[in-house]
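Everything on this sheet refers to the single structure shown next.
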Amino acid sequence: MTVLDVAAIKADFPILSTTVRGGQPLVYLDSGATSQKPVVVLDAERDFYEHANAAVHRGAHALAEAATDAFEDARRTIANFNGARSQDLIFTKNATESLNLAAYAFSNATALAQFEPHSANPQFVLKPGDSIVVTEMEHHANLVPWQEVCRKTGATLRWIPLTDEGRLDLTNIDSIIDKTTKAVSVVHQSNILGTLNPVRHLMELAHAVNAVGIIDACQSIPHMPVRLDELGADLVAWSGHKMLGPTGIGCLWGTESILNAMPPFLTGGSMIEMVAMEKSTFASPPAKFEAGTPMAAQAVGLAAAVRYLENIGMDAVAAHEDALTQYTLDALNSLDGVRIIGPTDSNDRGSAISFVVEGLHPHDVGQVLDSTGVAVRVGHHCAWPTCRRFGVPSTTRISPYIYNDFADLDKAVLGIQAAQDFFGVNA
Amino acid sequence: MNLEALYQDIILDHYKNPRGKGLLEHPLASAFHVNPTCGDEITVEVGVDESGGLRIGYEGQGCSISQASASVLVELLQGKSMVESEQARLAFIDLMHSKGVGEPDEDVLGDAVAFAGVAKFPARVKCALLAWMALQDAEIQAGLLTTGEQT
């Protein structure tokens, strides 16, 4: 038993009572990729479309007001959830866009500096010799945008290497984050290794050299209490769909000063203050970063997800997942031929657990699990360099959430043993 | 779901005992393909023997389906004429796109008929096709296949 009433929670998620592959009850253990949605989230979106749908922040008719109120209420709810002010929360289409928004601040400012030096904030202007620091456990979404920034500006990408246990190796950190560093962008909790990183310390190191500090919180905010102002970052990105919300909405939180200093990313309607044929000026944040008609129904859906999580309590969510993590680690550690990729104990780690089975490719492990109704992720988890670091082409990953219990994990373990039997690789 | 329908004995046998694995000494061309969703890799090399038959070598790593498919490909097409090889390659691609309702011709496809069940699993079709697409690429580079003939 854990602290949560999982049976009651499961009943709130219609998809979890369905069957797959010829009548197998679905056991969903792929929440690191995307979470399932409770009926209150589905109802909230439907209710918005039935009673309040209009384009927000434009028009003066009754529905336009209702839609704008719903959208801005949602922003307050979501910001409050993480102890933030609503004006510091920007909606994007997903966390990948949030991180690109941050990365493009640098390439856009660097391009502006050529022709309009007075309007380019030097904090974001890069030149050869400057460096940007990430880690070797980044999701591609927090790696490729920075590689591209470096290609466009001549800056150098550096990364913090990993220990064999799957933690950051900070031995030479003083030569990685140094006075050339203009940005430090790191993952809070790894989506592949599960490692929880000392982000506050890394943000302090970033600020000590006047670099912008950025955190990818996609795998932490859904799973544990996070107060944005306590992370010490300038910018924090996360997605809605991994925390029971709809797809099509992501978040970027920033400090007031950084959001004022950053140039816009996407431009067009909604993000302007004044437009003439010759030039335009921009609105204040968050509107400055929200060009075009926003995703109002998705924001309302995400707010409903946040209220659902608040009702459970994030401390209880974290305690529940700690119990599932310990249970899964114990079970996998006791299986012959199974190697966990990432920390093998539950200290400073989340519930995403990757592993490889000796003699078996993850695709084949996943296929056998799928045949028993168990959905896990197989592949490189958009963290290909991390797989290379551990000498594996890919892994199988179990990532439970609030609607999973020990019985779900037992089914996964049985499936792994079934795969070993089927392919004849058990010792 | 019946796992045996996907993992036919022929597939498991080729996976565990791959045929003709290894690269050529003097290839005419080489193609490296990856499956970006899972990281599976294959290098296929082609050449021509004294009688004009196809020479194929390969190296790779990946799941049972992708590696068995490469092994079946080499066993089936090694030494074949380009005409026969193309007939089989196109038949295999058709089979993989059949969504599991294709009727494979064993005379053309040999052991590759065992992959008929894979076509029911869209996520695995790419695995099965990896070596065959790399072969096409290598043949085009080697001038054995003009781009107009590609599928």
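Chains as they are written, first to last, in our numbering: chain A, 20 to 446; chain B, -16 to 134. Note that CB positions come from ideal geometry on N, CA and C, so glycine has one too.
* **Nearest-angstrom Cβ-Cβ length linking Q176(B) and V91(B), presumed shorter than 8 Å** => A query on residue 176(B) cannot be resolved here, the shown segment of chain B reaching from -16 to 134 and no further.
* Nearest to H(-3)(B) by CA position, among A97(B), V84(B), L73(B) and T26(B), is which residue? -> Your numbering for residue -3(B) matches position 14 in the second sequence. Nearest of A97(B), V84(B), L73(B) and T26(B) to H(-3)(B), Cα basis: A97(B).
* Out of curiosity, what's the CA-to-CA distance linking N113(A) and K307(A)? -> By 1-based counting over the first sequence, the position of residue 113(A) is 94. By 1-based counting over the first sequence, the position of residue 307(A) is 288. The alpha-carbon atoms of N113(A) and K307(A) are separated by roughly 17 Å.
* So, using beta-carbon positions, are P1(B) and S54(B) closer together than 8 Å? -> The residue given as residue 1(B) occupies position 18 in the second sequence. The residue given as residue 54(B) occupies position 71 in the second sequence. Contact flag set, yes.
* Asked: For K430(A), which residues from the same chain have a beta carbon less than 8 Å from its beta carbon, with the 5 sequence-adjacent residues on both sides left out?
  -> To locate residue 430(A), count along the first sequence from 1; it is residue 411. The answer, listed in chain order, is V46, T391, G392 and V393.
* Could you spell out where the beta strand (DSSP E) holding C110(B) opens and where it closes? => Stepping through the second sequence from its first residue, residue 110(B) is reached at position 127. Taken as a continuous stretch (DSSP letters only), C110(B) belongs to no beta strand (DSSP E), being part of the alpha helix (DSSP H) at P105 to Q124.
* To do: Would you mind sorting L221(A) into buried or exposed? The rule is 16 or more other CB atoms within 10 Å of its CB.
  => Here residue 221(A) is taken as the residue at index 202 of the first sequence, counted from 1. Buried: at least 16 other Cβ atoms inside 10 Å.
* Which whole runs of the beta strand (DSSP E) in the stretch 30 to 96 of chain B are 3 residues long or more, in chain order? -> 37 to 44
* To do: Quick one: grab the DSSP three-state call for F409(A).
  => Within the first sequence, numbered from 1, the residue matching residue 409(A) stands at position 390. DSSP places F409(A) in coil when its eight states are reduced to three.
* Which same chain residues, not among the five before or five after G434(A), have their C-beta less than 7 Å away from its C-beta? -> Here residue 434(A) refers to the residue found at position 415 of the first sequence. So the list reads V387, L388, T391 and V393, once near-sequence residues are dropped.
* Which residues of chain A have a Cβ atom closer than 7 Å to the Cβ of T20(B), listed in chain order? -> On the second sequence, residue 20(B) is found 37 positions in, with the first residue counted as 1. In chain order: G398.
* **Best match in L(-5)(B), V108(B) and E58(B) for proximity to M79(B) [C-alpha to C-alpha]** => Taking the second sequence and counting its residues from 1, the one referred to as residue 79(B) is at position 96. Nearest option by C-alpha distance: V108(B).
* Between Q(-9)(B) and L48(A), what straight-line distance do the alpha-carbon atoms span, to the nearest angstrom? -> Residue numbering aside, residue -9(B) sits at position 8 when the second sequence is read from its first letter. Residue numbering aside, residue 48(A) sits at position 29 when the first sequence is read from its first letter. About 27 Å.
* State whether the stretch 227 to 246 of chain A contacts the stretch 196 to 203 of chain A, with contact taken as three or more CB pairs (one from each stretch) at a distance under 8 Å. => yes
* Which residues DSSP lists as bridging H16(B), in chain order -> Here residue 16(B) is taken as the residue at index 33 of the second sequence, counted from 1. H16(B) pairs with I25(B).
* Asked: Does P404(A) get closer than 8 Å to chain B when you measure Cβ to Cβ?
  -> Here the question's residue 404(A) lines up with position 385 in the first sequence. No, P404(A) lies away from the interface with chain B (no Cβ there is under 8 Å from its Cβ).
* Between the CA atoms of V66(B) and T129(B) - distance to the nearest angstrom -> Looking up residue 129(B) in the second sequence gives position 146. Looking up residue 66(B) in the second sequence gives position 83. Looking at the two C-alpha atoms, the distance is approximately 13 Å.
* Asked: For the beta strand (DSSP E) that contains S365(A), what are its first and last residues?
  -> Sequence index remark: in the first sequence, residue 365(A) carries index 346 (1-based). No beta strand (DSSP E) contains S365(A), which DSSP labels as neither H nor E.
* Have a look at V152(A) and L215(A) and give me their C-alpha separation to the nearest angstrom. => Indexing the first sequence from 1 puts residue 152(A) at position 133. Indexing the first sequence from 1 puts residue 215(A) at position 196. Cα to Cα, the separation comes out at about 18 Å.
* When the Cα of T111(A) is compared with those of V336(A), A318(A) and A335(A), which residue comes out closest? -> By one-based count along the first sequence, residue 111(A) stands at place 92. When only C-alpha atoms are compared, the closest one is A318(A).
* V387(A) touches chain B at which residues, Cβ-Cβ below 7 Å? -> Position 368 of the first sequence, counting from 1, holds the residue named residue 387(A). Per Cβ cutoff of 7 Å: L(-14).
* Which first and last residues belong to the beta strand (DSSP E) in which D235(A) is found? -> Here the question's residue 235(A) lines up with position 216 in the first sequence. From DSSP, the beta strand (DSSP E) with D235(A) extends over V231 to D235.
* Nearest-angstrom Cα distance between Q439(A) and V375(A)? -> Indexing the first sequence from 1 puts residue 439(A) at position 420. Indexing the first sequence from 1 puts residue 375(A) at position 356. Cα to Cα, Q439(A) sits roughly 12 Å from V375(A).
* **Per-residue burial, E64(A) [other beta carbons within 10 Å of its own, 16 or more giving buried]** => On the first sequence, residue 64(A) is found 45 positions in, with the first residue counted as 1. By the neighbour-count rule (16 or more Cβ atoms within 10 Å), E64(A) is buried.
* Under three-state DSSP, which class holds S239(A)? -> The residue labelled residue 239(A) in the question sits at position 220 within the first sequence. Coil, per DSSP.
* **Residues in the stretch 31 to 44 of chain B having any Cβ partner in chain A nearer than 7 Å** => Q44
* State yes or no: is the C-beta of A93(A) within less than 8 Å of the C-beta of A322(A)? => Looking up residue 93(A) in the first sequence gives position 74. Looking up residue 322(A) in the first sequence gives position 303. Closer than 8 Å, so yes.
* Do S204(A) and W165(A) have their C-beta atoms closer together than 8 Å? -> Counting from 1 along the first sequence, the entry for residue 204(A) is found at position 185. Counting from 1 along the first sequence, the entry for residue 165(A) is found at position 146. Yes.
* When the Cα of L348(A) is compared with those of A225(A), V255(A) and V432(A), which residue comes out closest? -> To locate residue 348(A), count along the first sequence from 1; it is residue 329. Nearest of A225(A), V255(A) and V432(A) to L348(A), Cα basis: V432(A).
* C-alpha distance - F301(A) paired with G287(A), whole-angstrom precision -> Here residue 301(A) is taken as the residue at index 282 of the first sequence, counted from 1. Here residue 287(A) is taken as the residue at index 268 of the first sequence, counted from 1. Roughly 10 Å between the two C-alpha positions.
* Asked: Of all the beta strand (DSSP E) runs that stay within the bounds of the stretch 92 to 142 of chain A, which reach a length of 3 or more residues?
  -> 108 to 111
* Using a Cβ-Cβ distance under 8 Å, would D94(B) count as near chain A? -> Indexing the second sequence from 1 puts residue 94(B) at position 111. Output row for D94(B): interface = no.
* Contact under 8 Å by Cβ, G40(B) with L(-14)(B) -> Numbered from 1 along the second sequence, position 57 holds the residue referred to as residue 40(B). Numbered from 1 along the second sequence, position 3 holds the residue referred to as residue -14(B). Their beta carbons are not under 8 Å apart, which means G40(B) does not touch L(-14)(B) by this criterion.
* **Inter-residue spacing [alpha-carbon to alpha-carbon] between V325(A) and F100(A)** => As a working note, residue 325(A) is residue 306 in the first sequence. As a working note, residue 100(A) is residue 81 in the first sequence. Straight-line Cα distance between these residues: approximately 7 Å.
* **Backbone CA spacing between I179(A) and D77(B) [nearest angstrom]** => To locate residue 179(A), count along the first sequence from 1; it is residue 160. To locate residue 77(B), count along the second sequence from 1; it is residue 94. Approximately 47 Å between the Cα atoms of the pair.
* Does D90(B) get closer than 8 Å to chain A when you measure Cβ to Cβ? -> Indexing the second sequence from 1 puts residue 90(B) at position 107. With 8 Å as the cut-off, D90(B) does not count as an interface residue toward chain A.
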